[in-house]
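Step one of this worksheet: look at the structure below.
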Amino acid sequence: MKALVCVSLGPAENLKVMEAPPPAAKAGEVVVDVVYAALNFFDTLIIEGKYQLKPEPPFSPAGEFAGRVAAVGPGVERFAVGDRVMGSTGYGAAREQIAIAAGRLAPVPAGLPLDKAAGLSIAYGTTLHALKQRAELQPGESLVVLGASGGVGLAAVEIGKAMGARVIACASSDDKLAFARGYGASETINYATEDFRARLKALTGGKGVDIVYDPVGGALTEAALRSLAWKGRLLVIGFASGEIPKPPLNLTLLKGCDIRGVYWGEFVVREPEAHRDNMSQLLSWAESGRLKVHVHAKFPIEAYLQAFEAISRRQALGKVLLQLGGDA
Ligand SMILES: NC(=O)c1ccc[n+]([C@@H]2O[C@H](COP(=O)([O-])OP(=O)(O)OC[C@H]3O[C@@H](n4cnc5c(N)ncnc54)[C@H](OP(=O)(O)O)[C@@H]3O)[C@@H](O)[C@H]2O)c1
-18 MKALVCVSLG
-8 PAENLKVMEA
2 PPPAAKAGEV
12 VVDVVYAALN
22 FFDTLIIEGK
32 YQLKPEPPFS
42 PAGEFAGRVA
52 AVGPGVERFA
62 VGDRVMGSTG
72 YGAAREQIAI
82 AAGRLAPVPA
92 GLPLDKAAGL
102 SIAYGTTLHA
112 LKQRAELQPG
122 ESLVVLGASG
132 GVGLAAVEIG
142 KAMGARVIAC
152 ASSDDKLAFA
162 RGYGASETIN
172 YATEDFRARL
182 KALTGGKGVD
192 IVYDPVGGAL
202 TEAALRSLAW
212 KGRLLVIGFA
222 SGEIPKPPLN
232 LTLLKGCDIR
242 GVYWGEFVVR
252 EPEAHRDNMS
262 QLLSWAESGR
272 LKVHVHAKFP
282 IEAYLQAFEA
292 ISRRQALGKV
302 LLQLGGDA
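If you're matching positions, the sequence shown starts at -18 in our numbering and goes up one per residue.
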């Protein structure tokens, strides 16, 4: 079987498509024929050894996938050969087959296409956890989303809208903002050309915003923190800009506001029941069409460089997929 492999840490140019031995299902495991593996921003870091998770090469990137069950190991009763499934692995999904613990899989509902299911776990899982458990978002609150057309950003626009927020999408180009409007943003700010703080002040009648969803970091974070309302919440999602900001803490005192960290991978391990509830909510919203889960593009495994470049060149709108099998 084919696998995309990081043979030595470095840029995406160093990855290789190789033949690898097919896996076997041990007790409690399922072998999945991967149809789509989804890439996230962190895949561009993990292959360079710059992410918090540091697997030793050789390993495959891609932390989430959807496909069909090819074999079940002893003791697995929830799944049968042919079932459509999705799941997350941290890394390792960019191969035609993977073996994974049955507990890490969810069945894909009949009405949900596999390409949308592949990208649902991480970006949408992170975002529902962020807005529900961390921000405690209430209907009618204002939600500012930075990087609103990217993987987690678009998820925040869609889920924020589904939870009843007034979504203000923020991004670096007018095309990206028009795209975010199509997914539920009611207002937009181009932070490359507009006065970000002045616009937020005007849009909220001087009150400030209730929640900021920040996957970008850098200088935008302090500007967003300064734009929070009394008792506002700033969600620390990630640092796609490459800069971890160090905002002055007196701002939290003056606004009685919170900076709240979000770490989905730990949430899944530490609060499995809440995670399962979140996933069933996401699957039901996605199956009903309330979440559209936009796919930017599906790249064959040989075109992995283009897939990685869509993310690193800041071009990806929604989810970037590698296609490893037939989707019929
Ligand atoms: N905390 C968690 O549990 C968790 C879970 C998943 C992801 N994350 C983090 O969330 C962040 C975004 O991940 P993602 O997969 O959504 O990424 P993505 O699809 O590539 O989106 C990132 C967005 O950030 C903006 N950006 C600003 N500077 C950038 C730069 N130098 N390079 C690339 N993008 C830049 C871009 O929007 P504009 O051009 O509009 O600025 C882009 O759309 C990452 O830091 C990731 O590690 C955290």
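Glycine residues also receive a C-beta, built at the ideal position from the N, C-alpha and C atoms.
By the 16-neighbour rule on beta-carbons within 10 angstroms, P120 is exposed. A distance criterion of 7 Å places the beta-carbon of I27 beyond contact range of ligand 1, judged by its closest non-hydrogen atom. Ligand 1 never approaches K212 closely enough for any of its heavy atoms to be under 7 Å from the residue's Cβ. Per DSSP, E10 lies in no alpha helix (DSSP H); the unbroken beta strand (DSSP E) holding it starts and ends at E10 to L20.
Of the other Cβ atoms in all chains shown, 16 or more fall within 10 Å of the Cβ of L124; this residue is therefore buried. Assignment of M144 by DSSP, reduced to helix, strand and coil, places it in the coil class.
In terms of side-chain proximity, the C-beta atom of F280 is found no nearer than 7 Å to any non-hydrogen atom of ligand 1. In the three-state DSSP reduction, L101 falls in the coil class, being neither helix nor strand. Residue side-chain check: P196 places its Cβ nearer than 7 Å to a non-hydrogen atom of ligand 1. Judged by the Cβ position, N259 fails to qualify as a neighbour of ligand 1 at the 7 Å threshold, every heavy atom of the ligand being at least this far. Considering only V138, G(-9), A143 and G246, the residue with the shortest C-alpha distance to S265 is A143. Judged by DSSP secondary structure, Y194 falls within the beta strand (DSSP E) whose first and last residues are V190 to D195. The Cβ neighbour count for R147, taken over all protein chains shown within 10 Å, is at least 16; the residue is labelled buried. Spatial neighbours of A267 in its own chain (CB-CB distance under 7 Å, excluding positions within 5 residues in sequence) are listed in chain order as L93, K97, L101 and V274. With a cut-off of 7 Å, the C-beta of A221 is classified as near ligand 1, since at least one heavy atom of the ligand falls inside that distance. Distance from the CA atom of A173 to the CA atom of G199, rounded to whole angstroms, is 13 Å.
For Q296 and G131, the gap between their C-alpha atoms comes out near 8 Å.
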